[in-house]
Structure formats: structure tokens, C-alpha cells
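One point on numbering: in full-length UniProt numbering, the residue at position 238 of the sequence shown is 238, and numbering is uninterrupted.
For glycine and all other residues, C-beta sits at the position ideal for the given N, C-alpha and C.
Each remark here refers to the structure printed beneath this line.
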Amino acid sequence: MTATNYNDVDLGLIIFEKVRKERSHKYHLDGMVLCAVGQLCSRGNVIENLIRCRSIISRSAKAGAKMIFLPEASDYIVPASQSPSLAQSLDGSEFVKAIQSSAQENDCWVSVGVHEKSTEDPKRSYNTSLIISNQGIVQQAYRKLHLFDIDLGNSTSANESRYIIPGKKIEEPFPTPIGNVGQLICYDLSSSIHRRRGADILIYPVSILIIRFSFVTGDLNRWDAEAEAISFPPLKSAFTMRTGGSHWETLLRARAIETQCYVIAAAQVGTHIEKPLRQSWGHAMIIDPWGTILSQVPDVLPSLPPPSAEEDPEWSTSFALADIDSKSLELIRKSMPILNQRRNDIYSRLD
């Protein structure tokens, strides 16, 4: 029997067609669960940020979402030197308690990024991502591992570890209504580890800094330390509006394809601080394991000055919905078994 030879394009079309046909079957709906990815502009007022986070949760849940993802630093964004003094313990945080209540009230799971107070170092805090069940219980807390410390010369440096304590543990993917969720934050580069540990969904709660680059001097304008945690691309430090539009989507889609996981990227957006200027790129999105963008938040920057949360609780907030399809995930992995084809006899396992 003669084997059929396919080039890369042909093979891709064959697998895609198999997924498309499977999606046409009615039974396939059994593997679908709706989730939401959120976007907002957190600023220095924790109460107002909370109101807006709760608004996203409530609206997403009413739309049918069973799990809702909020961005990094949802509780507040302030100049880095002020951040540790505002951080609270997870047990004592009124912000976290209110998000727990909101998850329970709306019968949905929630992932949210917060600043976690350290009992050992009052000058620093943890950058933490939480998974909260529909019973309002914190099921997992992941502390960001990789901190953005660089020195590019020309008086341009970044030292995130000055205000943030690195985590010490990679959390196992956690079972949720949409699948096994592997948590990562910003500059973390170990996404493929979660895939080998059984993750179906990788989440990237972020606050992507927009930094203006001077082509005359070659210098990056100064930014405060907490703003230095740039999610993608991980090896570049300047994210203009133009490069953000190119690299953010490209790298998220690459992560989805190379790990054969859904990628859910919640994002901060707009102007958080006027002086020194702190802005985030936004463009929260959900991507399937084939690299297709299933849903994306509209490309709209929040208006300034911001209204109070009482006047407009939905200011800067938006969300996008998509089905997480376990059967398509299974089919893609079966058709192209990347994980099983790893040459561990040549290179050692990382986990």
C-alpha cells in the first residue's frame, strides 16, 4: 500500500475540514461551554474598579457565560511605588470578597488578577491570578513567576522585582466548567509546561504597557516599575500602538497553535495614570487551538476624563464571548498529536 504524501498546506486543510465537519453534528454541542473574556481600565480607586468588574461579571453571566476572565491588576493600577501599600491579603481583601460574592450570585466561575499583600516584605507585593468557583470559593491562586528586570543602557532600565515578589510554584492546570485551565501572567514564558501537564485552556491576564519610542535618540521614555510587565512579545520592551496591533494577536495565536490549547487573554485598556503616563493596549480575545480568533473585544479606547462608577458603571468595560469546544480540542490533538511526537530521547523533558 502506497502512503499518500501531503504538503503542509494540504494537511492543514484536511485537519481543518475534519474539525468543520465534526462541528456540524448535533451531538457536538454537548462539548461546548460559553466563556467570556473581559476588558477594563483599572485606575487608582479600588471601589470604582470593583463596580466595573462586577458589571462585567453580571453582564457576561446574563449572556450565558459559565466562566469569566478579568485582567491582571483588576483591583487597581497606581504608580509602582504606591502599589505595595494598597495590596491586601487574599483573605482580607474586600475586593476579592466582593468578586467571590459576585461569582456566587451569578452562578459562574471567575478568574481575576489582583495585588496580594506580603507578610514578609512590606515594600513588595505578589502579582496574583485567582480562580474562583461559582460557590464563591478561591480554588487556586497563582503568583507570577517571571519578573521583568532589564537594563537596555541609555538610562533605560526596568526593575519589576523592586515592587513585586516572584512566585515560587507552577500551579497545576485546574479543572473548571470549560476545561483544565493553566494560569500564566504577563512575562511568564513557560506556557508549554501547562500543556504537558494536561491544560486545555491557557489564560493570559495582562496589562500591556504602551511605551513611546524615540527614533531620534533610541531611548525609551521612562515608565514606572510596575508597568514594566509586558505580556507579549516577551523579549521586546517597546510596545507602541502599531507594534501592539501586530505582535499581540500574532503571539497569542502562535501560543494557541503550538500548545494546541484555547488561549484566553483578558486585558487592561486605556489610560490608567496621566502622570507619569501609563496606558494599556487592550484587545482582549479568545483563540481556539487552531489559532482562529473566536471572539475579540471591540477596538475602542475609553473616553477621558473617566466618569465616576456611580455615573457610568460600564465605562471602559467590555467583554467578548466564545464557546470552548472540548470535542474540537480533542479532534485537533488527535489529528496532529504534537505532544506525543516530542523527541524526549533527544531532549529532556522540562517538567
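Just confirm the distance between the C-beta atoms of residue i and residue j, as a whole number of angstroms; I'd bet it's less than 8 angstroms.
i    : j    : result
F319 : Q139 : Not confirmed; about 21 angstroms, so no contact.
M67  : T176 : 6 angstroms
V37  : I286 : 5 angstroms
S89  : K117 : 5 angstroms
S42  : I99  : About 13 angstroms separates the two Cβ atoms, so there is no contact after all.
Report buried or exposed for residue i, applying the criterion of at least 16 other Cβ atoms within 10 angstroms of its Cβ.
i    : result
Q268 : buried
D288 : buried
V300 : exposed
Q135 : exposed
K334 : exposed
I346 : exposed
D91  : exposed
S101 : exposed
R342 : exposed
Specify the secondary structure class of residue i as computed by DSSP and reduced to three states.
i    : result
S237 : Caution is warranted here: a pLDDT of 25 is assigned to S237, below 50, making its placement in the model unreliable, and the coordinate value is therefore given only provisionally. Reduced to three states, the DSSP call for S237 is coil.
S85  : helix
W248 : helix
F148 : coil
G113 : strand
R143 : strand
L301 : coil
G179 : strand
C35  : strand
I165 : coil
Taking C-alpha atoms, which residue in the options lies nearest to residue i?
i    : options                : result
I34  : N45, A61, P175         : According to the sequence shown, residue 34 is Leu rather than Ile. Of N45, A61, P175, the residue nearest in Cα terms is A61.
S303 : R255, G291, T317, I185 : T317
C108 : I137, E72, C41         : I137
R59  : E105, G31, S93, I47    : E105
N49  : R342, V300, S308, L331 : S308
E330 : S83, S280, C261, I99   : C261
R255 : I203, I47, V112, K327  : I203
R253 : G291, I185, I273       : G291
F69  : D200, I264, W281, H115 : I264
G113 : Q183, E171, L294, G92  : Q183
A73  : I332, H115, E171       : H115
Find out if the Cβ-Cβ distance for the pair residue i, residue j is shorter than 8 angstroms.
i    : j    : result
P313 : I51  : yes
G179 : I324 : yes
K144 : D75  : no
I165 : D121 : yes
A87  : I132 : no
S111 : P205 : yes
Relative to the ligand FMN, is the shortest distance from any of its heavy atoms to the C-beta of residue i smaller than 7 angstroms?
i    : result
D151 : As for the ligand FMN, it is missing from this structure, which has no ligand bound.
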